[in-house]
Amino acid sequence: MLRRKNPLYFLFNSGYKCKKSQNISNSILFKNEIFYGKKYKRCFSASPLKNIKTILVANRGEIAIRIFRAANEMSIKTVGIYSEADLNQSHRVKADESYLVGKNLNPVAAYLSAEEIIKIAKDRNVDAIHPGYGFLSESAEFASKCIDNDLIFVGPTPKTLLAMGEKVAARQIAIDSGVPVIPGTSVAVKSLNDITEFGGKYGYPIILKAAHGGGGKGMRVIFKDDIEEIETNFQSATNEALNSFGNGDLFIEKYIKNPRHIEIQILGDKQGNVVHLHERDCSVQRRHQKVIEIAPAPHLDSKLKKIMTEQAIRIAKRVNYENAGTVEFLVDEEGNHFFIEVNPRLQVEHTVTEEITGIDLVQSQINIADGLLLKDLSLIQNNININGSAIQCRLTTEDSTKNFQPNAGILEVFRYGLGMGIRLDGASSYSGCRITSHYDSLLLKIISKAKNHEMACQKMIRAINETRIRGVKTNIPFLLNVLKNEQFIKGNVRTNFIDDNPDLLIPQLQKNRAQKLIKFIVNTSVNGPPLSLATDLKSPKIEPKILTMDHQRYLVSKKTTKNWRYTLKEHGMKNFLKKIRQEKKILITDTTMRDAHQSLLATRVRTFDLLKIAPFVSQNMGELFSLENWGGATFDVAYRFLHEDPWMRLTKLRELIPNIPFQMLIRGSSAVGYSNYPDNVVERFCEESYNYGIDIFRIFDALNYMPNMIFGIEACGKTGGVVEAAISFTGDILDKSPNNRYNLEYYINLAKQIVEAGTHILCIKDMAGILRPESSKILFTELRNTFPDIPLHYHTHDTACVGLINCLIASECGVDIIDLAIDSMSGLTSQPCMGSFIKCLSDTDRKTDFNLNVLHAYSNYWEQARQLYAPFECCTTLKSGTSEAFDHEIPGGQYTNLHFQAHSLGLSKNFDKIKKAYMIANKLLMDVPKVTPISKVVGDLAQFMVNNNLMTEKDVLKQAHTLSFPDSLFQFMKGEMGIPPNGFNEDFRKNILKDTIVNDSVRPGVNMAPFDFEKLKEQIYIDHEFAAKKSDLVSCALYPSVYNEYLEYYKKYGPVCLLDTRSFFFGLEEGESIEIELEKGKMLQVQMLSKGITDSTGNIECFVRLNGETRCITIPNLKDKKISTKRAKAIKGDPFSIGAIMPGDILSINVSEGDVVRKGKKLLTISAMKMENSITCPVDEAIVEKINIVKNSNVESGDLLIQLRSTDKN
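For the sequence shown, the UniProt record's numbering begins at 1 and goes up steadily by one.
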């Protein structure tokens, strides 16, 4: 029985009578006509035909437009309404007339303004109001007001809406109609006790449902008799129902596990005639809300369908149902079906029924509301047949990876797929449209129709794949996962389908490359280069030209005995090494693709320019012993500054150059990092490098520390690659003084240990280029005599202008292989000139087969390409080589990088001071071999000294105990990089390490626990939704912050490596156009049209033409002075005012406001280029009062970072 407080009590128990309506004499519902306790003036009977000429749609979005279209086809004038939030939405302009409603109301309340809507209808001589779905569509009160104002309500009668809108009453009607229902309460739940009693009687699980609405709102499943769980779900369901429907009443049902959700579409006219338009399967749901709908329901038993359709009609006739509605059922795993509710309105998914029956449901609604009978519309049950199968996907602005969290923003791109069998029902779906969080997240309904369900799936997949939506997150990846799921394709889905297939929520990688790239171009054009530039020079508008060639023909004939890679791969390591020693001709390694540009152009050469020349090298320079094109600084610089994947570089180069051995530089137990790592990290790095195409590993240790060298040799040897161990040269072997550690005996003994460790090739690596001719003759002669069967390789830099002389001497002394750079990339801090060296040997027995014309063409390409890197050109200040190199011994590559870093740190005018400081730093560190990463330690210390005005050894030692030295120096002093040949400066070491305990008796990596790659893989997926490969994991293990920042950058801007170099550095000028080749056969045409004016929020709109389509990109204008803020400066001399010691980025913040910190406590880390400095607390004790920066902030020297305040103890 209904309780007295229930509104329906009056409906069922009032004594008020009116005349009976046709065919409803047995229904107690219509024995009276009370509506919310007042007498209802009009009896239920067919209204006279009014011939609707004007219709108002009391709704918004896609359903409003759907109704406008139906009315337009019927020559009915349309009137629309819109809220203030919908001023720019499409439905406002699709109607013949549109009027604002709900001014100053919230966006949802505007569409609930019944009185205002009716007033507009009356003022505009509207004949009928169509409520659509949602908002007022199920409001009996609104329907009654329409009728009271002589307006036709396109939908069921108020009494039907009242009965069917109240779920408990609807259950009772179903029971009275002999339709099975799920066990449930007949009245609204009032207390927790009601819930526990029901659960005790029928068992768990049970489900709470909103009594006055649907759509999954106000639903909660309770799985067990747990009072805390029951109370939580009761409160949350009540609140959600109240917020959604204005009434928080709930009822309870037994929860049916794993059912199908089947609904029957019905139409009824004013004479009580009812037909069904077959069924829909709405089982694909999340949080009880439909996502994908199918018609007809696949594999539904025909007998069961017949029963359900008959029962749907029976229920409808019992209440004399008029207009469109849906009777919904659940079908359990045993085939039992249960009535759940009637939706007395048009459904979102009505489209699939229209597609399979050919019946326009909206037009049918309007005709029925206008008084036409089903027979007038030829809607006879036997004539309503099924033709094919249809699917509807609700494309929403939701992020399926975040529990379908709604996403707002601007639609930067909206392009949809059409074609045969595809229908789109949408509204404000256009580029530039702003998606708000005010309304439902539905953006577009895509409907596919085909002969059968499987073919409809294929059409839908095709249409969604053609759809491009940028600017907001959508559920497209989720929809595609569902559509491709075998279970869905076969039509075997139930309501737990999504829960049982969590992989559906894992998105396939969406490329979105074009939009990301034009965002990058716009951002660079407006805000400047994506990396710091060393000079003010700009790249010229040139495109380096190369000779044309038939590279494909060459690839076909690549297996020739004339190249060294063929020898290595086909004849094995032993014969490969033997042939090197038997070869009379000098062999050449070309360093142009790595060390040359590292030395001259700050390692900034991009993959784009390497790939352009790669086919030429492959076809014309097969005589090369190897190409040094990977490893060393190029690895992290690719991620850190060029925003590209070094593994991709290696892969692409190997595809284009299959015939020449690739050589890389590896820093012993540091791999390509600047510190030591767990052994399994280095081993996996070597393994992956070999798998990606590296043939020769040049291994060195900056300190010539044999334990590190031996480990590197073993790690590289396991891969099957060629092991080339290198001795890091420093000092003067001609110096006969007893204190000279670096004499001939030192190098020969070191070489013996390296050969004994198993190296295949022995290399002398003279990074500073300080080996003098007489010294080189002595060293190479002794090495050749000592190791007659071991190939010798010589690497030098031309910083001191003696490189070419030493290379010729090395050739005379029997060295097998020489490192050289092509002419236009040689000299200065790079390697000696390849063309000159070859020409000098042309009349000797060690002459090569290289064609100088080929080398000239190769050099010409790099002469042009080098101009593109003008912002990093060392020649801007470094005009020639320098004999100073014999004094400061700065390695060639570091010499360029130090200058670049000095510029970045604001110290470019003090570069002479840095060189002098470098010599002092080297002395403080006991004269170490200056090779990466040790050269970086020396360089960091030198810059630190200049920045802090410490220009003598005495200055440094005097203040050492109070200074926050660079992190690299701290690691060095801890022995994490190995043991220096001359040991440590123990006094200096003590002041730096203070109380830190060190263990330098064993190789650093020995004490490190194996790295957990599986854990890292999981974390990367959590952080970036990215399934990392082995190479990705290695990169992240080596450079965690750099790699993670790269992924974030890639996620934001895409494959920027595809851009030409000038566009990458500087973007585009207005009117300028470029082509971007995404992949073979896919070319983007991009033109910068215009840049707008910065608005009050600091954003600027830019217009770009992409493949002929104009797109608007909005970005922050970081250069706008109106929005730039200057950070306060630290107070000099105040130890509580912590300032930036150099310009850079805040890498980490290690304290929080309010923390008590003590002397030596790390406060933060600041990074500039590769130099990281920890800033520690300078006073005995203090409280962190204010932190003025956040992680990744860019700061200038002297900026106030942290303000401390004194404690009583100071």
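For each residue, glycine too, the CB sits at the ideal point set by N, CA and C. Note that the coordinates shown come from a computational prediction; the quantities given were computed from them, not determined experimentally.
Going by beta carbons, Lys451 and Asp425 fall outside the 8 angstroms limit. Taking C-alpha positions only, Gly199 is separated from Val181 by approximately 17 angstroms. The C-beta of Thr759 has 16 or more other C-beta atoms within 10 Å across all chains shown, which makes the residue buried. Here DSSP, grouped into helix, strand and coil, assigns Asn385 to coil. Apart from the 5 residues on each side of it in sequence, Asn1192 sits with its Cβ closer than 7 angstroms to the Cβ of Asp1145 and Ile1146 in its chain, given in chain order. Its Cα nearest to that of Ile1149, the residue Ile1175 stands out among Lys1132, Ser1137 and Ile1175. The distance from the Cβ of Asn336 to that of Arg494 is about 14 angstroms, inconsistent with a contact at the 8 angstroms cut-off. Beta-carbon to beta-carbon, Glu1181 and Val1156 are separated by about 7 angstroms, close enough to satisfy the 8 angstroms threshold. Ranked by Cα distance from Asn691, the first of Gly721, Gln365 and Gly668 is Gly721. No Cβ-Cβ contact shorter than 8 angstroms links Ile65 with Ala369. Pro773 sits exposed, since fewer than 16 C-beta atoms from the chains shown fall within 10 Å of its C-beta. Taking 3 residues as the shortest admissible run, the segment 292-372 contains the following complete beta strand (DSSP E) segments, listed from N- to C-terminal end: 323-331 and 337-343. Just so you know, the alpha carbons of Phe872 and Thr1061 end up roughly 13 angstroms apart. Of the candidates Ile506, Ser1096, Glu310 and Gln1019, the residue whose Cα lies closest to the Cα of Ile266 is Glu310. Contact between the segment 1068-1088 and the segment 1049-1059 is present: three or more C-beta pairs spanning the two stretches fall below 8 angstroms.
Assignment of beta-bridge partners to Leu665 by DSSP yields Gly631 and Arg698. By the C-beta density criterion, Gly1071 is exposed, having fewer than 16 other C-beta atoms within 10 angstroms. For Gln831, there is no enclosing beta strand (DSSP E), since its DSSP letter is neither H nor E. Taking Val413 as the centre and dropping the five residues before and after it, the same chain places the C-beta of Ser431, Arg468, Ile469, Arg470, Gly471, Gln515 and Arg1111 closer than 8 angstroms to its C-beta, in chain order. Nearest Cα to Ile152 within the set Tyr111, Thr238, Lys53 and Glu328: Lys53.
Assignment of Cys1177 by DSSP, reduced to helix, strand and coil, places it in the coil class. Ranked by how close their Cα comes to the Cα of Ala534, the residues Asp735, Val723, Val755 and Cys875 have Cys875 in first place.
Here Pro406 carries a strand assignment [DSSP, helix/strand/coil]. It is roughly 7 angstroms from the alpha-carbon of Ile206 to the alpha-carbon of Phe223. By the Cβ rule, the segment 629-645 does not count as touching the segment 844-859, because fewer than three pairs are nearer than 8 angstroms. Contact check between the segment 944-951 and the segment 701-715: fewer than three CB pairs, one atom from each, fall below 8 angstroms, which does not count as touching. Taking Ala1037 as reference, the option from His1024, Ile1022 and Pro1010 with the minimal CA-CA separation is Pro1010.
Judged by DSSP in its simplified three-state form, Ala450 adopts strand. Counting C-beta pairs closer than 8 angstroms gives fewer than three between the segment 127-141 and the segment 296-304, which falls short of the contact rule. The segment 281-299 makes no contact with the segment 513-528; the number of CB pairs closer than 8 angstroms stays below 3. Leu587 is positioned such that its CB atom lies no closer than 8 angstroms to that of Phe576. Boundaries of the beta strand (DSSP E) around Glu1077: Ser1073 to Glu1079. Note: Pro1116 is bridge-paired with Asn1099 in the DSSP secondary-structure output.
Counting only runs of at least 3 residues, the segment 927-993 fully encloses no beta strand (DSSP E) element at all.
As a beta-bridge residue in DSSP terms, Lys1186 pairs with Gln1203. When secondary structure is reduced to three states using DSSP, Leu771 falls in the coil class, being assigned neither helix nor strand.
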